[in-house]
Amino acid sequence: MVMLRDLLISKDLFEEIRKKALESDGENNSSEEIELLEKAVFNKLKKKRSVKKYKKLGVTKADLKEIIELADIVGLDVLGGPSNYELAHDHQEWCTICGRCCRESESIFIHRDEMNILLTLNPQLKDGIVPNKEYSGHFELKDIRPCKYIHPETNRCAIYDSRPQVCRSYPLVLVESNGKTRNIINLRHSCNYSVMLILEKSIILFDEALKRLENG
Ligand code: SF4
Ligand code: SF4
């Protein structure tokens, strides 16, 4: 039986991309988090789109889950759609300013190239930056979980206009593989921005797959 996802990408190519994503995204996206995030996306999808309509077209729950998984690991730009960066940039309203990313991150990474500008703009950071434990030559913020720059009530960042690049990009994370850099989504079920990005990507993929299904 042809699965809906097979109309978008061949099984072999999907498996290859999935393997690579697990290798390069693994440390950002754990399997338990991905499972929880996919559940959250599925629940939002049921509210947003009529699953009955999908069923009428012969689309199963397994199809829906497979498309969500595809949305986790591919940037839509490979299929002619918007990149993760473009989607995130166009939908900043999906960030609910809940502050979890500033309270729960394991590390706030600072690239060695941004150190000077960061310290020029925020001289008070001088004692708040330490060498990065994992990436030699780079740095990280001291005193996190929570980050000391988050306001306890408003969740606003005290150095918002000159915050580190990694904070600006969240929930996107820049990863490097085979000499190329790309933006992946930090898949966190507790981050509305991340859940909405995967939902939006899934819907774009469903629509494309259904169009192909209907056109035979
Ligand atoms: S990026 Fe996500 S976790 Fe961070 S404040 Fe926005 S919704 Fe919350
Ligand atoms: S520097 Fe600002 S944006 Fe970055 S983690 Fe701290 S409070 Fe959040």
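Residues in the sequence shown are numbered consecutively from 4, following my numbering. Cβ atoms here follow ideal geometry from the backbone N, Cα and C, with glycine treated the same way.
- Around the beta-carbon of Y196, 16 or more other beta-carbon atoms lie within 10 Å, marking it buried.
- For T184, the three-state secondary structure derived from DSSP is strand.
- R166 and L60 have their C-alpha atoms some 48 angstroms from each other.
- For N158 against G102, the beta-carbon gap comes to about 3 angstroms, under 8 angstroms, which counts as contact.
- Cβ-Cβ separation between E143 and I111: approximately 6 angstroms, consistent with a contact (criterion under 8 angstroms).
- Put simply, of V198, N218 and M6 the residue whose alpha carbon is nearest the alpha carbon of K47 is V198.
- If you compare the alpha carbons of L82, C104, Y138 and L40 with that of I153, the shortest gap goes to C104.
- In this structure, the alpha-carbon of A43 lies about 27 angstroms from that of D15.
- Where L190 is concerned, there is no enclosing alpha helix (DSSP H), because DSSP gives it neither an H nor an E.
- With respect to A74, K204 sits close: the two C-beta atoms are nearer than 8 angstroms.
- Counting C-beta atoms within 10 angstroms of its own C-beta, E109 has fewer than 16 neighbours from the protein chains shown and is therefore classed as exposed.
- R8 sits buried, since 16 or more C-beta atoms from the chains shown fall within 10 Å of its C-beta.
- In this model, E72 and I20 are separated by some 11 angstroms (Cα to Cα).
- Around the C-beta of E69, 16 or more other C-beta atoms lie within 10 Å, and the residue is accordingly described as buried.
- For F142, the pairing in a beta bridge is given by DSSP as I113 and P134.
- For E156, no alpha helix (DSSP H) segment is defined, and its DSSP state is neither H nor E.
- By the neighbour-count definition (other C-beta atoms within 10 Å, threshold 16), R191 is a buried residue.
- Annotated as proximal: L200 and A91, with beta-carbon spacing under 8 angstroms.
- With distances taken between CA atoms, D66 lies nearest to V54 out of V54, V77 and R106.
- The alpha-carbon of K49 is positioned some 31 angstroms away from that of S27.
- Going by C-alpha positions, D164 is about 33 angstroms away from G83.
- In this structure, DSSP gives C105 a helical state, which the three-state scheme calls helix.
- Straight-line spacing of the CA atoms in T63 and I206 works out to 15 angstroms.
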